[in-house]
Every structure is written in structure tokens, then in C-alpha cells.
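Numbering follows UniProt numbering, with no gaps: position 277 of the sequence shown is 277. Beta carbons are placed, not taken as given, at the ideal position from N, Cα and C, and that holds for glycine. Let me begin by presenting the structure, written as C-alpha cells, before commenting on it.
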Amino acid sequence: MKKSELEKDEYINEWFMGRNLAPRTRINYILGMQHYTEYTGKTPIQLIDEAESDIQNGVLPRKRSIKGYLIGFKEHLKGNVVDNSVRAYVAAVKSFYTFFDIPIPDIVRNSKRAKPSPENLKIPTIDDVREALKHCDIREKAIILVGLSSGLSANEITNLKICDFKDGYDEDTKITTLKLRRGKTGVDFVTFLTPEASEAVGDYLEWRNREIKFHDASRKNAALKQRINDDNGYLFICKVISGKFLETGDEELRRFDAEKGLGKMYSSINIRLGKGSTNRNRHLIRSHNMRKLFSTTLKSIGCNNTMVEYWMGHSLSRVDDAYFKPNDIDKMKGTYRKYMPHLLVQKENVIAESPEFQKIVEENEKLSGEVAKAVLERSEMENMKARLAEQDTKIEEQAKDNEIFTTLLNKLRENPEFLNKIMQT
């Protein structure tokens with residue numbers, strides 16, 4: 001069955017409501033059931049009816065259709081998807097049967113934990129991200145930089161509100177503080193955006209509220225659907241929005257979905273980069289890898305492991321939770337600023353514009369002025385010393401002349417005839 005058909009299926013919806021599944025889990029379960037219904041050629045209702053019929057008719061567990069289906073389904077998946085996906089899809093099918101009180105037969109399990117493909121273990125570098133940004137539009141650039149600089153998951157990024165950004169933006173440091181609650185775990189946490197990411201978000205918001213100069217009705221309406229109504233709206237929204245939005249103003253109509261929207265966005269970026277994916281290998285540039293790059297980068301340069309886990313919204317261990325008290329947000333922000341340069345993509349521009357760098361420039365200019373003044377004063381002092389030395393020489397020469405004159409005068413006084421001799425010569 002198609003995804004759209006499964007999403008409307010009565011049994012699937014009953015299953016989801018009964019399990020109270022998170023949006024991301026629902027997406028994975030739909031994928032699992034899509035593969036399973038295509039493999040068996042049966043709808044969800046037919047699968048449950050068949051399983052109940054086997055039970056009511058007293059069919060031995062080893063001969064029931066469900067056992068053959070599950071064993072065959074697992075083998076079928078092995079040749080088409082990675083091991084982790086095999087486990088996830090089989091788990092989805094088992095959850096479906098269990099919800100409708102169908103006993104699950106024992107099937108052979110892998111003794112070893114599924115290992116991901118080596119290609120899927122790769123984490124992009126800052127250089128990879130820099131190259132990807134060359135192929136991004138204004139919204140894509142902002143989303144990538146938000147993920148890289150904060151460690152937020154796809155769901156958290158798409159759930160961000162404009163007020164989250166505006167309330168946390170610091171005009172002095174250009175750093176944005178985000179105070180959030182993780183939907184998956186219900187954990188309250190704080191994380192940050194670099195000045196680079198904050199600027200990209202600001203540019204995107206300005207673009208959304210840009211002056212509309214289109215005369216064509218369709219293009220004008222498209223621009224109107226992007227405009228910000230209030231700060232409680234979503235920070236990142238769809239490019240293509242239903243016309244109903246202009247009538248209702250319902251923000252949910254332009255909500256950017258984590259799986260369908262964000263997943264397609266990254267897929268499009270990778271295609272532009274000339275790096276597609278296969279059933280077994282995922283895209284290198286993807287939302288979860290931005291989260292991995294955030295974590296790996298900070299931990300590898302010595303940032304406190306517990307603090308990084310907290311910034312990512314992870315549940316802390318009992319020991320860490322007992323000793324780590326994230327009450328002083330300013331102190332955490334100071335720690336983030338210390339390691340922040342390692343998360344920057346365009347390092348030169350952002351560092352040059354940062355308050356810290358400007359302070360250093362001002363201090364250097366002040367120091368240069370003081371040095372120049374000292375050099376000038378030293379030069380003047382040297383000139384003065386030279387003039388004094390010259391004056392001393394003249395005084396010494398004059399003293400010698402005076403000494404000769406005094407000696408001559410004394411001799412004249414003692415012997416007046418000495419003057420006559422001099423005059424005669």
C-alpha cells in the first residue's frame with residue numbers, strides 16, 4: 001500500500017492513537033508497514049483478519065501465516081535496506097500485531113547488533129558544510145547553520161518559533177540563547193546559536209517580510225503567504241503554502257515538516273552537490289549529521305561532555321544530573337563562546353565582526369598610539385642629550401681658553417717685561 005493510503009487506514013490510525021506514538025516514530029512505522037503490505041500483498045485489515053482466523057481455527061503457532069510472513073519479510077528486507085532499517089521495520093510490524101492482541105511467534109534473531117554501513121558512519125567536516133552552503137538558498141543556509149551551531153534535532157528545528165529566536169538574541173555578543181523542551185524526552189534544556197547562525201536567521205526573517213513588488217497575482221500571493229504575522233509563528237516555514245492560509249492565518253498550514261520538508265530539503269542540497277543516496281547509503285549532508293558534527297567537534301576539543309549532552313537535550317545519567325546544575329546560563333554561554341570558533345563556517349568574517357575581536361582591535365590601536373608616543377618622546381630625549389653634549393663640549397673648550405688667558409694674565413702681572421717681549425716679536 002502507498003503511504004497516503006496507510007495514513008488514512010482505520011487500523012493504522014487506531015494503532016497510532018492507542019500507542020500515543022511520536023511523529024517521528026509514526027513515520028518509521030508507516031514505512032515499515034508499507035514494506036510489509038507490499039511484501040504480503042495484503043491490507044492491514046486483511047492481515048489482522050487472517051491472523052485471528054488462524055488462532056480461532058486452532059492452527060499450530062509454527063504453521064500460522066504470521067510466522068511465514070515475518071521470516072520471509074526479514075529475508076526480503078536484507079537485500080534492499082541496511083541492517084538497522086531491517087530491525088526497525090520488523091519491530092514496526094510486531095508492534096502492529098501486538099496492539100491487536102496477535103501473539104508474535106519466535107523467529108531467529110541476529111546474535112550481533114546491526115552494524116551501520118561504513119559510509120553511513122561518516123560525519124561531514126566544516127569544509128563539507130562550507131561547500132554545501134554554496135548551493136543553498138537563504139532558508140536552507142539558516143537551517144543548516146542552526147543545526148550545526150546548536151546541536152538541535154530535526155523536530156526541534158522545525159518546531160522553533162520566531163519568539164524563541166527573538167527572545168534569546170543578544171545584540172552585544174550576537175549569540176542567541178534558546179531555552180527549549182525536547183519533545184521526544186520532555187527534557188528542558190538550553191543551547192545557543194553562533195553569531196553566524198543568528199545572522200543567517202535574521203537575514204531569512206528579513207526576506208520573509210521583504211517589500212512585495214510583484215504585480216502578478218500568484219507571485220504576490222506566494223510572497224504574502226511567507227510574511228510574518230506575529231512572533232508566535234514558526235521560525236522556518238514551507239516554500240509552497242496552501243492558499244487557505246491567506247483566508248485562515250492558520251500557522252499549521254505552512255509548518256515545515258521534519259521528515260517530509262527537512263528530509264527533502266537536504267536531499268535536494270545533496271543532489272545539487274552531486275552526492276545522491278542509495279537504499280544502503282545515506283546523504284552525508286543531513287540534519288542528524290549536523291547534530292553529530294556539533295557533538296563531535298565540541299567533545300574533541302575538550303568541551304565538558306555533560307554540558308554538550310545537556311545542550312543537545314539528552315537525558316543525563318543520575319550521577320550527572322545530581323552534580324550538573326545548569327542554573328547559570330550566562331556561565332554556560334561563556335563556555336560556549338570559548339569553543340564557538342570551532343563551529344564557525346565562515347570564521348574570518350564572523351570573528352572580525354565579533355565584539356571580542358573589535359575590543360582587541362581597539363586595544364591594539366590604543367597600544368600602537370602609546371608606542372608611537374613613547375618613540376617620539378625617546379627621539380626628543382635623544383636630541384636633547386645630543387644638544388646637551390654639544391653644549392658641554394663648547395663649555396669645556398671655553399674653559400680651556402679661559403685657563404690659557406688666566407695663565408697669560410698672571411704671567412704679565414708677575415713680569416711686566418714679558419708683555420714687551422711679546423710685542424717685540
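DSSP beta-bridge partners for R387?
Its beta-bridge partners do not exist; DSSP assigns none.
Whole angstroms is fine: what's the gap from H342's alpha carbon to V81's?
Answer to the nearest angstrom: the Cα atoms are 35 Å apart.
Can you list, in chain order, the stretches of the alpha helix (DSSP H) that have 4 or more residues and sit fully within the UniProt domain "Core-binding (CB)" (6 to 101)?
Complete alpha helix (DSSP H) runs here, min 4: 10 to 19, 23 to 40, 44 to 56, 65 to 78 and 83 to 99.
Can you give the Cα-Cα distance for S111 and K74, rounded to whole angstroms?
Its pLDDT being 47, under 50, S111 is placed unreliably by the model, and the measurement read from it follows with that caveat. Rounded to whole angstroms, S111 to K74 spans 15 Å at the Cα level.
For N410, which of helix, strand or coil comes out of DSSP?
If DSSP states are grouped into helix, strand and coil, N410 belongs with the helices.
Between the region 156 to 169 and the region 214 to 233, do three or more beta carbon pairs fall short of 8 Å?
In short, these stretches touch, since the Cβ pair count reaches three.
Which residues in the same chain as G72 place their Cβ atom closer than 8 Å to its Cβ, once the five residues preceding and following it in sequence are excluded?
Result list for G72: Y39, in chain order.
Compare the C-alpha of E50 against each of Y69, E14, Q34 and L235 and name the closest.
With distances taken between Cα atoms, E50 lies closest to Y69.
When the Cα atoms are used, what is the spatial distance from N383 to G334?
So the two alpha carbons sit approximately 51 Å from each other.
If you draw a straight line from the alpha carbon of K2 to that of Q34, how long is it in whole angstroms?
For K2 and Q34, the distance between alpha carbons rounds to 6 Å.
Go to D188, then tell me how far its beta strand (DSSP E) extends in each direction, as first and last residue.
Looking at the DSSP string, the run of the beta strand (DSSP E) that includes D188 is D188 to L193.
As an exercise, report each continuous alpha helix (DSSP H) stretch of at least 4 residues that is fully enclosed by the region 301 to 331, in chain order.
Counting only runs of 4 or more, we get 305 to 311 and 318 to 323.
Pick from L6, K179, R272 and P195: whose alpha carbon is nearest that of D188?
The shortest C-alpha separation from D188 is found at K179.
Among the residues of its own chain, which have a CB less than 7 Å from the CB of M340, if the five just before and after it don't count?
Cβ within range, chain order: T194.
Could you name the residues that DSSP lists as bridge partners for K161?
Bridge partners of K161: Y234.
Compare the Cα-Cα distances from G151 to each of D216, T248, N289 and R130 and report the closest residue.
Cα-wise, what sits closest to G151 is N289.
In its own chain, which residues sit with a C-beta less than 7 Å from the C-beta of I126, not counting the 5 before and 5 after it?
Cβ within range, chain order: V345.
May I ask you to list the residues that DSSP assigns as paired with K179?
Its beta-bridge partners are V190.
Enumerate in chain order the residues of its own chain whose CB-to-CB distance from I102 is below 8 Å, with the five nearest sequence positions on each side excluded.
Around I102: I48, A51, E52, I55 and I66.
Indicate whether V190 and P23 have their beta-carbon atoms separated by less than 8 Å.
No, the Cβ-Cβ distance between V190 and P23 is not below 8 Å.
To the nearest angstrom, how far is it from the Cα of L205 to the Cα of R272?
Going from the Cα of L205 to the Cα of R272 covers about 24 Å.
Quick check: the Cα distance between T297 and E199, rounded to an integer number of angstroms?
So the alpha carbons of these two residues sit roughly 21 Å apart.
Going by C-alpha distance, which of S300, A197 and G183 is nearest L133?
Cα-wise, what sits closest to L133 is A197.
Alpha carbons only, please: which of E414, D128, G18 and K400 is nearest the one belonging to F99?
Ranking the options by Cα distance to F99, first place goes to G18.
Is F294 close to chain B? Criterion is C-beta to C-beta, closer than 8 Å.
Among the protein chains of the structure shown there is no chain B, as only one such chain exists.
Would the region 216 to 225 count as touching the region 244 to 263 if we require 3 or more Cβ pairs under 8 Å?
Yes, since at least three Cβ pairs between the region 216 to 225 and the region 244 to 263 fall closer than 8 Å, the two stretches touch.
What's the C-alpha gap between G32 and G58?
Whole-angstrom Cα-Cα distance: 29 Å.
DSSP state of R139, grouped into three classes?
Three-state DSSP puts R139 in a helix.
So for S111, helix, strand or coil by DSSP?
Its pLDDT being 47, under 50, S111 is placed unreliably by the model, and the measurement read from it follows with that caveat. Reduced to three states, the DSSP call for S111 is coil.
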